[in-house]
Structure formats: structure tokens, C-alpha cells
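Enquirer: To start, I am sharing the structure in question, which I have written as C-alpha cells.
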Amino acid sequence: MLTSAFSFTRLRAQFIKEVLSVLRDPRSRMVVFVPPILQLLVFAFAATLEVRNVDIAVYDQDAGRWSHELVQRLDSARFITRVWHVDSQQQLHELIDRGEVIAALAIPVDFSRSIAAGESGRAQVLVDGRRSNSGQITVAYLSTIAADVGAEVVPDAQAPTPVVVRHWFNPNLVYRWFIVPGLTGILALFSALLITSLSIARERELGTFDQLLVSPTSTPEIIISKSLPALAIGTALGLFMISAGVFLFGIPFTGSFALLLASLVLFILSVVGIGLMISAVSMTQQQAILGAFAIGVPAVLMSGFATPVENMPVVLQWLAQAIPLTHFLIIVEGSFLKAMPPGDILASLWPLAVIALATLTMATVFVRGRLQ
Numbered sequence: 001m002l003t004s005a006f007s008f009t010r011l012r013a014q015f016i017k018e019v020l021s022v023l024r025d026p027r028s029r030m031v032v033f034v035p036p037i038l039q040l041l042v043f044a045f046a047a048t049l050e051v052r053n054v055d056i057a058v059y060d061q062d063a064g065r066w067s068h069e070l071v072q073r074l075d076s077a078r079f080i081t082r083v084w085h086v087d088s089q090q091q092l093h094e095l096i097d098r099g100e101v102i103a104a105l106a107i108p109v110d111f112s113r114s115i116a117a118g119e120s121g122r123a124q125v126l127v128d129g130r131r132s133n134s135g136q137i138t139v140a141y142l143s144t145i146a147a148d149v150g151a152e153v154v155p156d157a158q159a160p161t162p163v164v165v166r167h168w169f170n171p172n173l174v175y176r177w178f179i180v181p182g183l184t185g186i187l188a189l190f191s192a193l194l195i196t197s198l199s200i201a202r203e204r205e206l207g208t209f210d211q212l213l214v215s216p217t218s219t220p221e222i223i224i225s226k227s228l229p230a231l232a233i234g235t236a237l238g239l240f241m242i243s244a245g246v247f248l249f250g251i252p253f254t255g256s257f258a259l260l261l262a263s264l265v266l267f268i269l270s271v272v273g274i275g276l277m278i279s280a281v282s283m284t285q286q287q288a289i290l291g292a293f294a295i296g297v298p299a300v301l302m303s304g305f306a307t308p309v310e311n312m313p314v315v316l317q318w319l320a321q322a323i324p325l326t327h328f329l330i331i332v333e334g335s336f337l338k339a340m341p342p343g344d345i346l347a348s349l350w351p352l353a354v355i356a357l358a359t360l361t362m363a364t365v366f367v368r369g370r371l372q
């Protein structure tokens with residue numbers, strides 16, 4: 001009796017088996033569910049480019065009115081934990097060398113006298129170059145404090161017109177509003193990638209892969225049954241993290257939920273294809289996990305999550321367009337804060353559809369080669 005090439009009954013049985021294998025295996029359950037939730041809660045507070053709780057060293061050789069005013073403002077600055085008062089230039093260098101301060105301010109002896117004479121007061125700022133990004137932000141903060149002191153020095157009639165800056169979409173510059181939507185894509189990426197990467201590798205490691213080869217299950221049923229659990233779990237985790245961003249972290253969601261959901265499904269499908277290819281070439285679950293991280297980490301770094309894609313070399317910019325996370329980050333970040341128009345979402349949605357079609361097609365070829 002010939003079996004049909006495709007049977008929903010067999011597909012349902014395979015799907016249930018895959019779901020149970022994910023939920024029943026302690027390693028799979030720990031890898032899939034626990035890290036994304038913990039990482040969302042930790043990274044939302046830890047992954048930030050804001051500079052807080054830093055120490056500054058001050059070498060005040062002037063001790064005049066304006067140097068005293070500048071030091072007082074440093075003492076009251078919220079981003080500074082402690083101001084170290086030193087007595088020599090050598091102590092400044094030692095504090096920076098030991099990493100105890102991120103920046104040091106050397107005020108010359110004629111600082112207040114120069115200001116009183118109508119000249120510009122000059123002070124030297126030394127920054128720890130080992131922490132270049134934080135150091136640059138600290139210098140910007142110190143420049144703002146110095147500008148405030150300068151505004152008091154210049155008479156009102158001569159003071160320049162202040163520039164009022166309005167930060168669109170994120171008026172209070174809450175960094176968490178930017179980081180949490182991006183984490184949604186990253187954590188959903190690793191969850192779906194790990195689930196599918198472990199699927200076929202688990203069969204080999206447990207010795208059930210040969211049973212799968214002699215079963216009446218067809219190749220399309222095997223591929224679909226391996227894909228659906230990752231699609232369901234990855235989508236559910238993505239929706240959970242989106243809900244956490246709205247209700248737990250209070251991030252305003254101004255876009256279309258339906259378009260975001262469609263983008264999330266296409267994003268997970270494209271990741272599932274990559275995970276199936278990794279699983280097809282992996283002999284053990286350990287190899288599958290290492291393969292998932294070998295693909296996932298570069299994908300995150302090149303997706304534009306931490307640095308703009310436009311700042312990368314042209315070759316890497318083109319390569320970034322083949323990474324599904326690059327397009328999903330544009331959609332999810334725009335949906336949260338910008339109320340991104342449907343046309344702009346579709347401009348990033350169709351590349352996701354193309355990538356999903358390409359990865360699933362390649363995964364079918366890889367898995368079919370392993371099953372023959």
C-alpha cells in the first residue's frame with residue numbers, strides 16, 4: 001500500500017513529537033526559555049551607552065572664583081559619583097593609569113584671572129582612551145558644564161541666543177526606549193535559531209535519526225514539523241518581549257501591531273531556515289549550539305543594533321542586507337516610537353520575505369541531502 005507524499009495526520013504527530021522533545025528535554029528547555037527572559041530583564045538596564053557613576057579628578061591650581069564655581073558644578077553633577085581633588089599633575093596621570101577616574105581636569109593658575117580680564121578661561125581635560133566611547137560622552141557632559149559656567153561669565157546683553165534642542169520620538173532620551181525593542185529581535189533570533197539547530201542534531205545524538213529515515217514520514221513533513229515548533233515558540237517569545245516593553249518598561253507603542261506581527265513571523269521563518277541548515281550539518285547538540293552562536297553573534301554585530309550599518313565598509317553593508325535581523329530591527333524600533341507608515345514597513349518587509357524564502361529553500365536542500 002502506497003503512502004501519500006503528504007499527510008496532515010503524520011505532520012500533526014511529528015509536530016507534537018517535536019514540541020514534546022523541546023519541552024521535555026531539560027537542556028533544550030533551559031536554553032530556549034530561561035536565557036531570553038533573564039537577558040531581557042538584565043540587558044534592559046545593563047546594555048546602555050549612558051555614562052553614569054563615573055569618577056573625575058580635578059587639579060585646581062587657581063583656587064579663584066570661577067575655578068571654584070566650575071568645581072562646585074562638577075560636585076553637583078548627577079553623572080559623577082566622586083570628584084578626586086589632587087595636588088599635582090602626576091597624581092592626575094596615576095589615577096587615569098590605574099583606571100580609577102575616566103577623565104581629569106587640570107585648571108591653570110590664571111584661569112579666573114583670564115576670565116576677569118575678559119578673556120576665555122582655558123582648562124585641560126585628560127580622558128582615559130581605553131574607554132573611548134564613555135570618555136567622549138564624559139567630555140560632552142563636561143563641555144556642557146563649562147558652557148553653563150561661561151553663560152554666567154558673559155553679561156546677558158552679550159550672551160548668545162541659546163539653542164533649544166528637541167529630541168523627536170524620545171524627548172527625554174530614555175535609552176531603554178531604544179534598547180528594549182532591539183533586544184526583542186536579538187533574543188527572538190537566538191531562541192528560534194537554537195530550537196531549530198538542536199532539532200535534527202538531537203535526533204542523531206539520541207539515536208532516533210535512523211528511525212526517522214525508515215518511517216513513512218516524507219521529507220516535506222519532516223522539514224515542516226521541525227520548523228513549526230521554532231516558529232510558534234519564537235513568535236510567542238517575541239510577543240512576550242514586546243508586551244514586556246510596553247507594560248513593564250512603559251515604552252510607547254505607536255505603530256501597527258498587525259504589521260509588526262507579520263514582520264515577526266517572517267523574521268522567525270527566515271531564522272528557522274538558517275537553524276535547519278546548521279542542524280543538518282551538525283552531528284551533536286554541542287556542535288549545533290556552537291554553530292548557532294557562530295552565526296548569531298556576527299549577525300547581531302552587523303545588524304545595526306550597536307553601530308549604524310552606514311558606518312560599515314560597503315562590502316559589509318551589502319552583507320548586512322542579507323541578515324534578517326537588520327530589516328526586523330528597522331521595523332520593530334520604528335513601530336515602537338515612530339509610528340512608522342505602512343509603506344516604510346513594507347520596504348523592510350519584502351526583504352524579510354525574500355530572505356525567508358531563500359533560507360527555507362536552502363534548508364530543504366540540506367535536510368533532503370541528509371535524509372537520502
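Residue numbering for the sequence shown follows the UniProt record's numbering, beginning at 1 and increasing consecutively. Even for Gly, the Cβ is constructed at its ideal location relative to N, Cα and C.
1) When the Cα atoms are used, what is the spatial distance from S120 to I145?
2) Which whole-angstrom value describes the C-beta separation of G234 and I268, a residue pair presumed to lie in contact below a C-beta threshold of 8 Å?
3) Distance check for L237 and L276, CA to CA, integer angstroms please.
4) So the beta strand (DSSP E) Q124 belongs to, where does it begin and stop?
5) Could you check whether the region 339-349 touches the region 273-291, counting it as contact only if at least three pairs of C-beta atoms, one from each stretch, sit closer than 8 Å?
6) Distance check for T254 and K17, CA to CA, integer angstroms please.
7) Could you tell me if F247 is buried or exposed, where buried requires 16 or more neighbouring beta carbons within 10 angstroms of its beta carbon?
8) Give me the DSSP bridge partner(s) of H85.
9) Would you kindly work out how many angstroms separate the C-alpha atoms of T359 and L261, rounded to a whole number?
10) Are the beta-carbon atoms of A280 and L40 separated by less than 8 Å?
11) Just confirm the distance between the C-beta atoms of F249 and A44, as a whole number of angstroms; I'd bet it's less than 8 Å.
12) Assess contact between the region 107-122 and the region 67-79, defined as three or more Cβ pairs (one per stretch) separated by less than 8 Å. Is contact present?
13) L194 to A140, Cα distance in whole Å?
14) Under 6 Å Cβ to Cβ from V309, same chain only, skipping five residues before and after it: list those, please.
15) Which value, in whole angstroms, describes the spacing of the CA atoms of S312 and A347?
16) What's the gap between the Cα of R368 and the Cα of I222?
17) Is DSSP giving A236 helix, strand or coil here?
18) How far does the alpha helix (DSSP H) with L194 in it reach, from first residue to last?
19) So, V58 versus L105, is the Cβ gap smaller than 8 Å?
20) Since R52 contacts F15 with CB under 8 Å, what's their CB separation in whole angstroms?
21) Pull up the distance between the alpha-carbon of D148 and that of G129, whole angstroms please.
22) Assuming I251 and F336 form a contact by the criterion Cβ under 8 Å, report the distance between their Cβ atoms to the nearest whole angstrom.
23) So, for I331: in the same chain, excluding its five sequence neighbours on each side, which residues have a beta-carbon less than 6 Å away from its beta-carbon?
24) Can you list, in chain order, the residues of its chain whose CB lies under 8 Å from that of A159, leaving out five sequence neighbours each side?
25) Tell me the start and end of each unbroken alpha helix (DSSP H) in the region 277-331 that is at least 4 residues and wholly inside, in chain order.
26) Buried or exposed: which applies to D62, given that a residue is buried once 16 or more other Cβ atoms fall within 10 Å of its Cβ?
27) Please classify L92 as buried or exposed, where buried requires at least 16 neighbouring CB atoms within 10 angstroms.
28) So S270 packs on P220, CB below 8 Å; how close in whole Å?
29) Which term fits T196, buried or exposed, when burial requires 16 or more other beta carbons within 10 angstroms of its beta carbon?
30) Do L231 and V272 have their C-beta atoms closer together than 8 Å?
Expert: On the basis of the coordinates in this document:
1) 15 Å
2) In this structure, G234 and I268 form a Cβ contact; the two beta carbons are roughly 4 Å apart against a cut-off of 8 Å.
3) For L276 and L237, the distance between alpha carbons rounds to 19 Å.
4) Q124: member of the beta strand (DSSP E) spanning Q124 to V127, first to last residue.
5) no
6) Approximately 39 Å, taken between the alpha carbons.
7) exposed
8) V58, per the DSSP bridge assignment.
9) Between T359 and L261, the C-alpha separation is close to 20 Å.
10) It is not a contact, given that the beta carbons lie outside the stated cut-off.
11) 6 Å
12) yes
13) 41 Å
14) Cβ within range, chain order: Q317 and A320.
15) Before going on, a small fix: residue 312 reads as Met here, not Ser. Cα to Cα, the separation comes out at about 21 Å.
16) 10 Å
17) Three-state result, A236: helix.
18) From DSSP, the alpha helix (DSSP H) with L194 extends over Y175 to L206.
19) yes
20) With a Cβ gap of about 48 Å, R52 and F15 do not count as contacting.
21) 26 Å
22) 6 Å between Cβ atoms; contact.
23) Within the same chain, I331 has close Cβ partners S263, I345 and S348.
24) At A159 the pLDDT is 48, less than 50, meaning the model places this residue with poor confidence; the figure from the coordinates comes in the next sentence. Same-chain partners within the cutoff: A151.
25) 285-302 and 314-320
26) buried
27) With 16 or more Cβ atoms within 10 Å of its Cβ, L92 is classed as buried.
28) At roughly 19 Å, the Cβ-Cβ gap does not stay under 8 Å, so S270 and P220 are not in contact.
29) buried
30) yes
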